[in-house]
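Residue numbers (the numbering used here), protein chains in the order written: chain W, 47 to 181; chain A, 47 to 181.
Number of protein chains: 2
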Amino acid sequence: MNKINDKLRDKGLKITPQRISILEAIYNLNHPTADDIIKYIRQQHSNIATGTVYKVLDTFVKNDLIKKVITDKGVVKYDGLLTNHHHLHSSKSDEIKDYIDEELDHILTAYFKKKKITNFEIEEISLQIKGKFNK
Amino acid sequence: MNKINDKLRDKGLKITPQRISILEAIYNLNHPTADDIIKYIRQQHSNIATGTVYKVLDTFVKNDLIKKVITDKGVVKYDGLLTNHHHLHSSKSDEIKDYIDEELDHILTAYFKKKKITNFEIEEISLQIKGKFNK
DNA sequence: TTGCTAAAAGAGAATAATTCTCATTTAAGA
DNA sequence: TCTTAAATGAGAATTATTCTCTTTTAGCAA
């Protein structure tokens, strides 16, 4: 029933109000920064220490509950989408958008299955597509 | 004859000892950070203000003399290689390595020529290949 | 249900990277 | 050579993040 609690429990993490709030914030916000999360929680619920937020985010990333994304401009954001995907990066701002493309993933996987890179073992390939969003 | 001076002149930039030192540092070092550049210049030549280095790097990036690269870990580095290329990112450290692959570039260009992304205009595509370097 | 304990959270100081401010110096062209 | 806009220097300010150390609490065990 309670999905967030289950996710924490499944990873063997203690269920605390702070962890619940942070995970909720990530699901409710769109690619938030640590600061976005702090502001959101302080406004919605109660206070939370900045150190706690950073530490919890780190724990979540290590436990594969969320992904850390660095924008083209170097801003650190967090992403609750766990399935394999890429990102569209705005060349003007820090805005990013998820980009899911299975066909492309197949092409890339096939390509790198053939083409080995000497002295390098590939773990993950991600495309950074930089450009302009047309609103 | 004097290549560095010519590059600055070609871009309409004033030729200063600081700019020459910084461009030299980027060519001599391998994907240096701003701090690597500062240390290198202070040791090789004379003093330089940190603010100057950051400002000059910015000017160089804007004038397409160098590229700014952000590692998988979020560290900002500078790259003197201007031809189209990707980067191999170490999953353990901040190390990155240039990855040039024209065949791949053709595949990607062809793919995105067909496949348009709605409400987004692609300016640049770069692959971030994360993994382990085998020394 | 209560008590114990390791883990988590809080407050705020410390650090790292970068930017800003403003006074001084200098490159480049008239 | 002179002039002036642009560049540099020094260090303060800012931002994002980490660290330290004390207090609180989740979760388990009796």
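Think of the CB as a built atom: it goes at the ideal place given N, C-alpha and C, for glycine as much as any other residue.
Going by Cα to Cα distance, which pick from the options is closest to residue i?
i: W/R65; options: W/A156, W/N76 and W/K53; result: W/K53
i: W/H131; options: W/E148, W/L69, W/P63 and W/K108; result: W/E148
i: W/V121; options: W/I94, W/H77 and W/D56; result: W/H77
i: A/I67; options: A/A95, A/K57 and A/H135; result: The displayed chain sequence assigns Ser, not Ile, to residue 67 of chain A. Taking only the C-alpha atoms, the option nearest A/S67 is A/A95.
i: A/D104; options: A/N180, A/L150, A/L59 and A/K162; result: A/L59
i: W/K162; options: A/P63, A/V102, A/Y145 and A/K162; result: A/Y145
i: W/K138; options: W/G97, W/T164, W/L69 and W/N180; result: W/N180
i: W/F158; options: A/L150, A/K159, A/F158 and A/T164; result: A/L150
i: W/V102; options: W/K160, W/N48 and W/L69; result: W/L69
i: W/P63; options: W/T98, W/A80 and W/D81; result: W/T98
State the DSSP-derived secondary structure class of residue i, mapped to helix, strand or coil.
i: W/D140; result: coil
i: A/D118; result: coil
i: A/D147; result: coil
i: A/L59; result: coil
i: W/H135; result: strand
i: A/K162; result: coil
Could you tell me whether the Cβ atoms of residue i and residue j are closer together than 9 Å?
i: A/T33; j: A/D140; result: The question about residue 33 of chain A has no answer here: the residues shown for chain A are numbered 47 through 181.
i: A/L111; j: A/L128; result: yes
i: W/Y100; j: W/K113; result: no
i: A/H133; j: A/V107; result: no
i: A/I61; j: A/N74; result: no
i: A/I142; j: A/H152; result: no
i: A/K57; j: A/N109; result: yes
i: W/I83; j: W/I72; result: yes
Going by DSSP, what residue range makes up the alpha helix (DSSP H) through residue i?
i: W/L69; result: P63 to N74
i: W/K101; result: T96 to K108
i: W/I83; result: A80 to Q90
Quick check on the DSSP output: the beta strand (DSSP E) that includes residue i runs from which residue to which?
i: A/I168; result: F166 to F179
Looking at residue i and the ligand MG, is the gap between the Cβ and the nearest heavy atom below 8 Å?
i: W/F179; result: Of the ligands one can find in the structure shown there are none, so the ligand MG has no counterpart to examine.
Query raised in the report: Taking three-plus beta-carbon pairs below 8 Å as touching, is the stretch 169 to 177 of chain A in contact with the stretch 168 to 179 of chain W?
Result: Yes, the stretch 169 to 177 of chain A touches the stretch 168 to 179 of chain W.
Query raised in the report: Would you say the stretch 90 to 102 of chain W touches the stretch 80 to 96 of chain A, given that touching needs at least three Cβ pairs under 8 Å?
Result: Between the stretch 90 to 102 of chain W and the stretch 80 to 96 of chain A, the count of C-beta pairs closer than 8 Å stays below three; the two stretches do not touch.
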